[in-house]
Amino acid sequence: MKKVQIYINNRKIRVDEGKTVLDAAKENKIEIPSLCFHPDLEAKAGCRLCLIEIKGKKGLSTACSVKAEQGMEIITDSSKIERARKINLELIFAQHREECDDCVWYDKCKLLKLAKEYRLKINRFTDRKKNFPCHQFGPSIVFDTSKCMDCRNCVEVCQKQGVNFFDIEEKNSFFEVFPTKDKKRDCIFCGQCLVHCPVGAFESVGEYEDIEKPFKDKSKVIVVQFAPAIRTSIGEEFGMKPGEVVTDKLAAAIRKLGVDKVFDVSVGADFTTMEEAKELMEKIKTGKGVCLSSCCPSWVKFLEFYYPEFIPCIATTRSPHIILGALIKTYWAQKEKIDPKKIKVISIMPCTSKKYEVERDELEIEGMEPVDYVLTTRELARLFKKRNIDLKKIKPEPADNPLGIPSGAGVIYGASGGVAESALRTAYYMITGKNLKNVNLKEVRGMEGVKKAEINIKGFKAKMAVITGTGNAEKILKELKKNPKAYDAVEVMACPGGCIGGGGQPLPSTPEIRRQRAEALYKIDAGKKLRLAHENPIVKKVYKEFLNNEKIIHKICHTKYHKKTREVKI
Amino acid sequence: MPSQDIILKLKKSGLKGRSGSSFPTGLKWESVKNAKALKKYVICNAAEGEPEVFKDDYILKNYPDKVIEGMKIALKTIDHSSGYIYINKEYFKKYGNKLKKLIGKLPISIFLKKTEYGKYIGGEETSLIESIEGKRAEPRQKPPHPTQAGLFGCPTLVNNVETFYYVSKINENKYNNERFYCISGEVKNKGVFEFPEDWTIKKVLKETHNWPDFNFFVQVGGGAEGEIFLSKELDRPVQYLASIIVFNLKTDPYSLMGKWVDFLMKGNCDKCVPCREGLYRLSEMIKKRKIDKNTLEDLFLVLEETSFCPLGRGASIPFKSLISKVLK
Numbered sequence: 100m101k102k103v104q105i106y107i108n109n110r111k112i113r114v115d116e117g118k119t120v121l122d123a124a125k126e127n128k129i130e131i132p133s134l135c136f137h138p139d140l141e142a143k144a145g146c147r148l149c150l151i152e153i154k155g156k157k158g159l160s161t162a163c164s165v166k167a168e169q170g171m172e173i174i175t176d177s178s179k180i181e182r183a184r185k186i187n188l189e190l191i192f193a194q195h196r197e198e199c200d201d202c203v204w205y206d207k208c209k210l211l212k213l214a215k216e217y218r219l220k221i222n223r224f225t226d227r228k229k230n231f232p233c234h235q236f237g238p239s240i241v242f243d244t245s246k247c248m249d250c251r252n253c254v255e256v257c258q259k260q261g262v263n264f265f266d267i268e269e270k271n272s273f274f275e276v277f278p279t280k281d282k283k284r285d286c287i288f289c290g291q292c293l294v295h296c297p298v299g300a301f302e303s304v305g306e307y308e309d310i311e312k313p314f315k316d317k318s319k320v321i322v323v324q325f326a327p328a329i330r331t332s333i334g335e336e337f338g339m340k341p342g343e344v345v346t347d348k349l350a351a352a353i354r355k356l357g358v359d360k361v362f363d364v365s366v367g368a369d370f371t372t373m374e375e376a377k378e379l380m381e382k383i384k385t386g387k388g389v390c391l392s393s394c395c396p397s398w399v400k401f402l403e404f405y406y407p408e409f410i411p412c413i414a415t416t417r418s419p420h421i422i423l424g425a426l427i428k429t430y431w432a433q434k435e436k437i438d439p440k441k442i443k444v445i446s447i448m449p450c451t452s453k454k455y456e457v458e459r460d461e462l463e464i465e466g467m468e469p470v471d472y473v474l475t476t477r478e479l480a481r482l483f484k485k486r487n488i489d490l491k492k493i494k495p496e497p498a499d500n501p502l503g504i505p506s507g508a509g510v511i512y513g514a515s516g517g518v519a520e521s522a523l524r525t526a527y528y529m530i531t532g533k534n535l536k537n538v539n540l541k542e543v544r545g546m547e548g549v550k551k552a553e554i555n556i557k558g559f560k561a562k563m564a565v566i567t568g569t570g571n572a573e574k575i576l577k578e579l580k581k582n583p584k585a586y587d588a589v590e591v592m593a594c595p596g597g598c599i600g601g602g603g604q605p606l607p608s609t610p611e612i613r614r615q616r617a618e619a620l621y622k623i624d625a626g627k628k629l630r631l632a633h634e635n636p637i638v639k640k641v642y643k644e645f646l647n648n649e650k651i652i653h654k655i656c657h658t659k660y661h662k663k664t665r666e667v668k669i
Numbered sequence: 213m214p215s216q217d218i219i220l221k222l223k224k225s226g227l228k229g230r231s232g233s234s235f236p237t238g239l240k241w242e243s244v245k246n247a248k249a250l251k252k253y254v255i256c257n258a259a260e261g262e263p264e265v266f267k268d269d270y271i272l273k274n275y276p277d278k279v280i281e282g283m284k285i286a287l288k289t290i291d292h293s294s295g296y297i298y299i300n301k302e303y304f305k306k307y308g309n310k311l312k313k314l315i316g317k318l319p320i321s322i323f324l325k326k327t328e329y330g331k332y333i334g335g336e337e338t339s340l341i342e343s344i345e346g347k348r349a350e351p352r353q354k355p356p357h358p359t360q361a362g363l364f365g366c367p368t369l370v371n372n373v374e375t376f377y378y379v380s381k382i383n384e385n386k387y388n389n390e391r392f393y394c395i396s397g398e399v400k401n402k403g404v405f406e407f408p409e410d411w412t413i414k415k416v417l418k419e420t421h422n423w424p425d426f427n428f429f430v431q432v433g434g435g436a437e438g439e440i441f442l443s444k445e446l447d448r449p450v451q452y453l454a455s456i457i458v459f460n461l462k463t464d465p466y467s468l469m470g471k472w473v474d475f476l477m478k479g480n481c482d483k484c485v486p487c488r489e490g491l492y493r494l495s496e497m498i499k500k501r502k503i504d505k506n507t508l509e510d511l512f513l514v515l516e517e518t519s520f521c522p523l524g525r526g527a528s529i530p531f532k533s534l535i536s537k538v539l540k
């Protein structure tokens with residue numbers, strides 16, 4: 100890589116050609132405040148806070164959008180820069196209604212941090228948007244336009260998802276972001292708008308005003324189950340590094356909320372793996388064409404709405420927390436002799452879409468919803484803070500038996516490629532009667548949007564594609580339309596890097612943070628003796644004692660899909 | 213004529229872009245010509261959008277052949293190029309047929325300026341490129357300049373209607389450093405006049421019998437972003453956009469500023485904070501007819517220094533000069 104030499108505040112810096120001044124500054128630990136810039140997206144240079152002076156150039160420039168050029172001399176702090184930043188900040192505050200206590204950025208707000216640093220008068224101007232409306236997208240997401248600072252990151256990220264749910268329209272001389280009224284476009288609830296909004300104009304439904312709600316009913320047996328992707332991310336909310344594994348601390352902290360049981364959704368994932376592997380095996384045996392993964396409700400919704408012709412290809416296997424929720428209210432309830440109607444299952448998910456998924460009527464069993472309530476990682480963290488539970492300091496305790504010990508395969512569900520890898524480990528066993536010698540399927544790991552692998556199973560070459568981002572999936576779907584046998588199995592997660600980059604995860608979510616969260620999941624797997632779903636004793640036990648006929652398996656573990664018309668009402 | 217010769221001629225003529233940016237035309241042509249690419253574009257900007265500027269209207273009405281001729285020279289000079297005329301709806305209605313006839317078989321397409329985006333910003337060169345590409349008309353980050361990576365990423369020459377007109381004159385050796393002046397406002401002879409470019413504003417007004425017999429001030433450089441000059445300050449030539457608007461000194465400055473700020477707020481793209489929010493706060497003060505000096509200075513600073521594009525960076529000019537000279 101060709102390097103260029105630049106000077107930042109008279110310091111000589113060498114940086115790869117093509118990098119921006121902001122990149123160069125970050126690499127060299129030179130602080131330049133920025134707000135609307137997000138490494139996943141194009142630099143829009145709209146907030147005008149990352150201001151710099153470039154020698155020989157008139158006016159101030161923005162570090163996020165200027166590429167480093169040989170010999171460039173840059174100043175990142177001067178009285179003019181400071182004054183201009185301060186005024187622009189005041190102008191941003193003037194269009195952003197503050198609701199700090201109820202904000203997804205809560206204690207990590209860049210605006211507030213800068214306000215203190217630059218000693219702003221945050222109320223210098225009256226709020227321009229104070230009467231702007233809120234829009235709710237189904238049971239998942241709220242867009243509070245009175246907080247929007249018009250950076251349009253949401254517009255871009257939603258376009259990248261292939262969803263394009265936002266329009267920019269003119270209203271009273273302003274181009275504003277609106278959820279579209281177009282009936283041919285609908286939100287898939289992935290929450291990437293929320294993840295990429297620098298000022299908390301998006302939140303999940305109930306965040307944070309309703310976080311106490313699911314725990315209030317004392318007449319119920321409260322069971323909390325936590326998703327695979329959370330154990331390596333929630334620590335970030337308590338000052339730990341991204342990727343710090345906190346599985347047992349998490350179980351202990353949840354228990355401290357006064358709940359009756361704490362189970363691990365990764366155990367549910369082991370059941371999902373069993374059923375997905377069966378479906379995969381069936382497809383491979385019969386040559387029936389592609390099997391599309393079904394764990395990500397945003398992906399499923401994307402297919403049901405935009406590509407209904409692919410509905411027959413979606414695996415009918417339910418997602419891990421739905422299966423585990425159902426097992427809690429059936430198998431476990433019977434064992435414990437509890438009236439299942441008295442059980443309340445709360446899932447802690449890295450996801451905004453799971454709030455939508457649990458409301459799907461198809462998932463009901465015996466008139467009950469398998470999961471009663473979904474809280475995001477952020478919501479749980481906030482609840483811990485509210486109750487003065489410090490995750491960092493709490494003494495670790497394992498999750499409860501019998502649904503608390505997963506295989507490593509169930510843990511890697513949280514990363515893109517994890518479902519495919521887990522299902523393949525088990526499908527290989529189901530087809531060949533033997534376990535893979537090397538269970539690590541490295542080709543499908545990592546942060547790339549599209550990963551491909553060909554796996555030899557007893558002479559059959561299974562073609563797999565593993566995708567993150569529904570926008571990336573469109574290319575594969577187009578390929579499949581032309582050639583239905585182009586792939587045997589396709590795993591799609593709507594969020595970058597998989598669930599570890601989900602819409603319910605701690606903020607910020609950057610490529611580097613997601614990489615660390617995912618790597619930690621693989622480390623957990625690598626460190627376990629139990630790495631195959633079909634070898635998990637509880638899986639074996641439940642299949643023997645309870646899931647022992649097709650009818651019950653179908654009821655607990657499988658579902659249906661429907662072509663969808665627009666669900667979000669604006 | 214060999215292509216190098218016309219570039220030399222353009223350079224010698226000293227012709228500068230007539231959209232208001234005043235960039236040396238010869239240099240721009242040379243830069244696009246020398247850029248290495250398999251495809252290049254030549255765009256004629258006919259989306260004149262600033263209030264009280266109507267010189268391109270006049271040129272398209274009277275000399276459309278010269279404009280097309282100028283484009284033709286550009287297409288010949290720049291290898292592998294094809295052209296676009298980016299035109300607003302009104303001009304297309306008036307001159308579309310005539311232009312189409314003149315274009316004949318030349319590789320020039322007419323692209324209608326879209327009105328659903330920023331009405332004024334749509335005329336800025338990178339915004340119009342975005343618009344032709346089918347995107348929202350919003351300015352692009354420079355560099356790269358359009359001469360290096362413009363339309364569809366190809367080197368692109370963007371010149372104004374008047375610039376192309378004078379290119380054809382230069383080619384015929386008939387250019388005598390003139391330009392077109394739009395004169396409007398409280399004058400007897402509103403219109404477009406062709407005079408030497410070094411004439412003072414005073415001389416232009418006098419020669420056209422438009423020197424007022426009342427106390428007045430003028431706005432020079434366009435009816436939105438032009439600068440205000442008092443009658444005693446007119447011994448200077450017009451720089452940038454040659455539009456002169458005459459106002460009676462009794463004109464209500466607040467309603468005048470209100471017009472400007474409304475136009476700019478409607479015409480900008482709203483993507484950067486200083487232009488979107490700064491203009492709004494300016495409009496608040498103007499509507500209340502109460503200017504706070506500190507706030508004003510702050511808003512001007514961020515507009516001038518931190519706006520994304522020339523629209524925002526130049527937006528303070530009329531207000532600043534009117535407030536300091538007329539409102540006081």
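Read top to bottom, the protein sequences are chains A and B. Numbers given in the numbering used here equal positions in the first sequence, counted from 1, plus 99. Numbers given in the numbering used here equal positions in the second sequence, counted from 1, plus 212. Even glycine gets a Cβ: it sits at the ideal position worked out from N, Cα and C.
| Item | Value |
| --- | --- |
| Chain B within 9 Å of P249/A, Cβ atoms only | Pro is not the amino acid found at residue 249/A; the sequence shown has Asp there. Chain B, which has a Cβ nearer than 9 Å to the Cβ of D249/A, makes this yes. |
| Proximity test, Cβ basis, 9 Å: R391/B and chain A | no |
| Per-residue contacts from N187/A into chain B (C-beta, under 7 Å) | V485, P486, V514 and T518 |
| CB contact flag (P297/A, K209/A, <9 Å) | yes |
| Near-chain B residues of the region 191–215 of chain A - C-beta to any C-beta below 7 Å | I191, A193 and Q194 |
| Neighbour flag for E496/B against chain A, beta carbons, 9 Å | yes |
| Range of the contiguous beta strand (DSSP E) that encloses T475/A | Y472 to T475 |
| Of the listed residues S294/B, K310/B, D217/B and P356/B, nearest to C256/B (C-alpha basis) | S294/B |
| Contacts of A183/A in chain B (Cβ-Cβ under 8 Å) | L513, V514, E517 and T518 |
| Per-residue contacts from Q556/B into chain A (C-beta, under 7 Å) | Given a span of 213 to 540 for chain B in the structure shown, any question on residue 556/B remains unanswerable. |
| Contacts around K280/A, its chain only, beta-carbon distance under 7 Å, and the 5 residues preceding and following it disregarded | I669 |
| Contact set between M477/B and chain A, taken where Cβ atoms lie within less than 7 Å | S272 |
| Backbone secondary structure at N257/B - three-state DSSP | strand |
| Exposed unless 16 or more other CB atoms sit within 10 angstroms - verdict on K259/A | buried |
| Option in P607/A, A432/A, V364/A and E374/A with minimal Cα separation from S446/A | V364/A |
| CB-CB length for A593/A against I287/A, believed under 8 Å | 6 Å |
| Three-state secondary structure (DSSP) of S62/A | Residue 62/A is absent from the model: chain A starts at 100 and stops at 669. |
| Proximity test, Cβ basis, 9 Å: E489/B and chain A | yes |
| Any 3 or more C-beta pairs closer than 8 Å across the region 122–131 of chain A and the region 268–280 of chain A | no |
| Collapsed DSSP secondary structure at S339/B in the structure displayed | helix |
| Buried or exposed by the 16-neighbour rule on C-beta atoms within 10 Å, applied to M373/A | buried |
| Buried or exposed (CB count within 10 angstroms, at least 16 for buried), H137/A | buried |
| CB of I285/B within 9 Å of CB of V379/B, strictly | yes |
| Proximity to I413/A [Cα-Cα], best of P419/A, V399/A, E649/A and R665/A | V399/A |
| Ordered list of alpha helix (DSSP H) runs contained in the region 152–228 of chain A, each at least 4 residues | 178–192 and 209–216 |
| Chain-order list of residues whose beta-carbon lies under 8 Å from that of K663/A (same chain, five-residue window excluded) | D285, K400, E403, F404 and P407 |
| Interface partners of I267/A on chain B, CB under 8 Å | R348 |
| Positions along the region 443–458 of chain B whose CB lies within less than 7 Å of some CB in chain A | none |
| Contact list for Y492/B against chain A, beta-carbon separation under 7 Å | R227 |
| CB contact below 9 Å: T244/A versus chain B | no |
| Sheet register partners of P449/B (DSSP bridge) | T412/B |
| 7 Å CB neighbourhood of T531/A in its chain, flanking five on each side removed | I556 and K557 |
| L656/A: first and last residue of the uninterrupted alpha helix (DSSP H) it sits in | Looking at the sequence provided, one finds Cys at residue 656/A rather than Leu. Element bounds for C656/A: E649 to C656. |
| Within-9 Å CB hit, R525/B to chain A | yes |
| Burial state of A142/A (16 or more Cβ within 10 Å) | buried |
| E336/A CB to nearest heavy atom of the ligand ZN below 8 Å | Inclusion of the ligand ZN in the displayed structure is not the case, the ligand content being empty and no account of it being possible. |
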